[in-house]
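Student: Using the numbering used here, the first residue of the sequence shown is number 44, and each one after it goes up by one.
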Amino acid sequence: MIDDTILSRLQRYHDDIVARIAASVAVIEADNLSSLSILSARRWQMVRLLREYQIFKHSRIFDPAIANGSPSEVAAAREMKINCIAMGNAFSSYVKLWSSGLIATSWEDYRIAMREMSALLTRHVKSERRNVEALLSVPNTNTRRYSGS
44 MIDDTILSRL QRYHDDIVAR IAASVAVIEA DNLSSLSILS ARRWQMVRLL
94 REYQIFKHSR IFDPAIANGS PSEVAAAREM KINCIAMGNA FSSYVKLWSS
144 GLIATSWEDY RIAMREMSAL LTRHVKSERR NVEALLSVPN TNTRRYSGS
């Protein structure tokens, strides 16, 4: 069983990400083009948060499971890491596209893209959380397996 510290941190990241997504979607739903500076700031805050979350998952969960887990844990952790990297790349592409000043001239397109990315990120984070919890619940006597610090 894994140290509760990792699950607690996972929960905090998850809650923070989902709350920030909901807050940004609320701004988009208000359909207020004057909120561009708020959306820009929130987008970059999300970039930082998701990067921090990714480093945490890779260093404390995925990489230790790959290095020390059973064959099924190694496979699961590799798949989650690949999916995490792919999601990170998709979000980076989205941020790059919409940080170019395009929002002001393509507001409706941005609103659609933002809703789609928000839904994708939310689904990914929720699914990933379930999968990480399943991975971490597998009994293992290897004390070096994961690190909660």
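Built from N, CA and C at the ideal position, the CB exists for glycine as well.
Give the secondary structure of Asn132 by DSSP, where H, G and I count as helix, E and B as strand, and everything else as coil.
Tutor: In this structure, Asn132 counts as helix in the three-state DSSP scheme.
Student: May I have the straight-line CA-CA distance separating Ile128 from Asp59, to the nearest angstrom?
Tutor: Going from the Cα of Ile128 to the Cα of Asp59 covers about 19 Å.
Student: Between the alpha carbons of Ser102 and Val117, how many angstroms are there, rounded?
Tutor: The alpha-carbon atoms of Ser102 and Val117 are separated by roughly 14 Å.
Student: Should Gly112 go down as buried or exposed, given a rule of 16 or more other Cβ atoms within 10 Å for buried?
Tutor: It counts as buried.
Student: Report the start-end ranges of each alpha helix (DSSP H) in the segment 135–174 that is 4 residues or longer and not cut off at the edges.
Tutor: With a minimum length of 4 residues, the continuous alpha helix (DSSP H) runs that stay inside the segment 135–174 are 145–148.
Student: When you compare the CB positions of Gln88 and Arg121, do they come within less than 8 Å of one another, or not?
Tutor: Taking 8 Å as the Cβ cut-off, Gln88 and Arg121 do not qualify as a contacting pair.
Student: Check for me: the alpha helix (DSSP H) holding Ala108 runs from which residue to which?
Tutor: Start and end: Asp106 to Asn111.
Student: Spatial neighbours of Trp150 within its chain, please: CB distance less than 7 Å, with the 5 preceding and 5 following residues excluded, ordered by chain position.
Tutor: Excluding residues within five positions, the ones whose Cβ falls inside 7 Å are Leu76.
Student: According to DSSP, is Asn126 part of a helix, a strand, or is it coil?
Tutor: Asn126 falls in the helix class under three-state DSSP.
Student: Compute the Euclidean distance between the alpha carbons of Ala69 and Ile81, then round it to the nearest angstrom.
Tutor: Computed Cα separation, rounded: 12 Å.
Student: Alpha carbon to alpha carbon, what distance is there between Tyr96 and Met157?
Tutor: Cα to Cα, the separation comes out at about 20 Å.
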